[in-house]
Amino acid sequence: MAVSETRKPGQELPADERRLGERLRAFIRTRGFLVGTFVVILIAMYVAGLIAGASAQRLLALTAWGLMLGGIIALGSIGLSLVYGVLKFPNFSHGALVTLGAYVAYTVVPLLPQGEALRPFSFGYEFLVALVVAMPVVGLVAVAIDRLVYRRLRNTGAHLVLFAMASLAMAFFVRSMIYLIWGPDFHFYYPGRANPALYLPFGMRVRADQLFILVLAFVLVAAVYVLLEWTRMGKAMRATADNPHLAQIRGINTERVIAWTWMLGGGLAAAGGIMYGLSSQLRPEMGFWLLLPMFAATIMGGIGNPYGALSAALIIGIAHQVSTSFLDPTYGPAVAFVLMVLTLLIRPQGLLGRTEG
């Protein structure tokens, strides 16, 4: 009768067991395992919603809302990821730029000739013009902040902690200016204007503005992809993000690259804020509430990787909205952080982040 061997404390595992454990740990940290985990979580959320009494049509509508929210988060998180990729510090003033973009568009809209709504949307041509105006305006504000604050810190060789603290100070400053100029009250782009619903297959109802927000997000993301992959400035941005000192040696004007990075990041932040204002209302703290899921998307997607930020933002948006079918809506923002923590535990470099070493 064979007697099973027991391992004494401190005794090493057999080689086969060690190799099996190493392979298991390596598999758990793969991108495929992380994606599979997200899929399982989303399926579990849909099942929980059905058990809680939500209809299939309701869950489909929440999915549509989630895609819209994900598109808004993506616009902000891509800009946040670009800035981190080049400058290597978390920009806490990014949420204030999101809010500023919404309010700049709110100021521009009534200055333009008011026409009929572009059916089936709730807005007219003047809103599109305001969007085009607000994006570069906020981009220039971001460049000005960099020139007045962050470049001085770069020239003195300041620690990255000081950059983060300075960005937090700028967030409070910009937010205070918004309170001072526009006041603390809620605002709407088109108060009282109807926003009709569209009926899609499977009994799903969505607003036309939701589809516009999602399409705009993908168009701007595609534009960012073309910029980064096919233009000289985009290649210079990627080179500066990888190794700024080597980029300087090769003749790249890194200060010019940094300025364009802020311009692009500020413009995308403005677009995200304008779309969020179109879907709900404008309020001075709106950027702060968006900053939390934007950071979560940036970390989940892979810090400094704008394409990963897009993927993570869509996952966060869908999970946030679907969770309201079985949870109180006030718990929605916590979903982003649960997903972020899971990402850090499973694959710390994120969905599309690169493994160090």
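In short: position in the sequence shown from 1, add 19, done, that's our numbering.
From the three backbone atoms N, C-alpha and C, an ideal C-beta is built for every residue, glycine too.
As the structure is a computational prediction, the values presented were derived from the model and not from experiment.
Beta-carbon spacing of residue i, residue j below 8 Å
| i | j | result |
| --- | --- | --- |
| MET252 | TRP281 | no |
| ILE337 | LEU86 | yes |
| ALA331 | ARG212 | no |
| VAL168 | ALA185 | yes |
| GLY284 | GLY327 | no |
| PHE142 | LEU301 | no |
| THR82 | VAL341 | yes |
| VAL379 | VAL276 | The requested residue 379 is not part of the displayed model; the chain covers only 20 to 376. |
| LYS9 | LEU181 | Nothing can be reported for residue 9, as the shown portion of the chain is limited to 20 through 376. |
| TRP84 | GLN267 | no |
| PRO210 | ALA227 | no |
| ALA67 | MET223 | no |
Nonlocal neighbours in the same chain, by C-beta distance under 7 Å from residue i, ignoring five residues either side
| i | result |
| --- | --- |
| LEU219 | VAL225 |
| ILE293 | GLY120, ALA121, ALA124, LEU150, ALA153 |
| PHE231 | PHE140 |
| PHE146 | VAL128, TYR208 |
| ILE271 | ALA255, ALA258, THR259 |
| ALA240 | Contrary to the premise, residue 240 reads as Val rather than Ala in this sequence. The residues are ALA93, ILE97, LEU329. |
| VAL234 | none |
Three-state secondary structure assigned by DSSP to residue i
| i | result |
| --- | --- |
| ALA71 | coil |
| TYR350 | helix |
| HIS339 | helix |
| MET20 | Per-residue confidence for MET20 stands at a pLDDT of 45, beneath the threshold of 50, marking its modelled position as unreliable; no derived number is given. |
| ARG224 | strand |
| VAL301 | According to the sequence shown, residue 301 is Leu rather than Val. Note: LEU301 maps to strand in three-state DSSP. |
| HIS113 | helix |
| LEU131 | coil |
| LEU217 | strand |
| HIS178 | coil |
| GLY376 | With a pLDDT of 44 at GLY376, under the threshold of 50, the predicted position of this residue should be treated as unreliable, and no value is reported. |
CA-to-CA distance, residue j to residue i, given in whole angstroms
| i | j | result |
| --- | --- | --- |
| VAL354 | ARG138 | 35 Å |
| THR362 | LEU265 | 31 Å |
| MET256 | LEU101 | 9 Å |
| ARG269 | GLY98 | 26 Å |
| ARG173 | THR259 | 15 Å |
| THR8 | GLY351 | Residue 8 is absent from the structure shown; the chain starts at 20 and stops at 376. |
| ILE91 | ALA290 | 8 Å |
| PHE205 | LEU94 | 23 Å |
| PHE314 | ILE70 | 32 Å |
| LEU358 | GLN133 | 43 Å |
| ALA163 | VAL157 | 10 Å |
| TYR198 | ALA316 | 28 Å |
| ARG366 | TYR144 | 45 Å |
| ALA63 | GLY72 | 14 Å |
| PRO325 | ASN262 | 17 Å |
| VAL148 | GLY286 | 14 Å |
| ILE60 | VAL360 | 13 Å |
| TRP201 | ALA236 | 27 Å |
| LEU346 | TRP249 | 44 Å |
| THR49 | ARG166 | 40 Å |
| GLY176 | TYR65 | 50 Å |
| MET196 | PRO203 | 11 Å |
| THR126 | PRO155 | 15 Å |
| VAL238 | GLY55 | 27 Å |
| LEU247 | PRO348 | 37 Å |
Proximal residues to residue i (C-beta, below 6 Å), its chain only, five neighbours per side dropped
| i | result |
| --- | --- |
| GLY89 | ALA332, LEU333, GLY336 |
| PHE57 | ILE334 |
| LEU364 | none |
| LEU53 | ILE365, ARG366 |
Same chain only: Cβ atoms within 8 Å of residue i, ignoring 5 sequence neighbours per side
| i | result |
| --- | --- |
| ARG194 | ALA115, THR118, PRO303, GLU304, GLY306, PHE307 |
| GLU274 | ARG170 |
| PHE356 | LEU311, ALA315 |
| HIS339 | GLY85, LEU88, PRO312, GLY351, PRO352, VAL354, ALA355 |
| LEU309 | ILE91, ILE92, GLY95, GLY114, VAL117, GLY291, GLY292, TYR295 |
| LEU371 | ARG50, GLY320, GLY321, ASN324, TYR326, GLY327, SER330 |
| TYR103 | PRO109, ASN110, THR317, ILE322, GLY323 |
For the stretch 66-76 against the stretch 316-334, do three or more pairs of beta-carbon atoms, one drawn from each stretch, fall closer than 8 Å, so that the two count as touching?
No, because fewer than three Cβ pairs between the stretch 66-76 and the stretch 316-334 fall closer than 8 Å, the two stretches do not touch.
Is it the case that the stretch 185-197 contacts the stretch 105-112, given that we only count it when at least three CB pairs across the two stretches are under 8 Å?
yes
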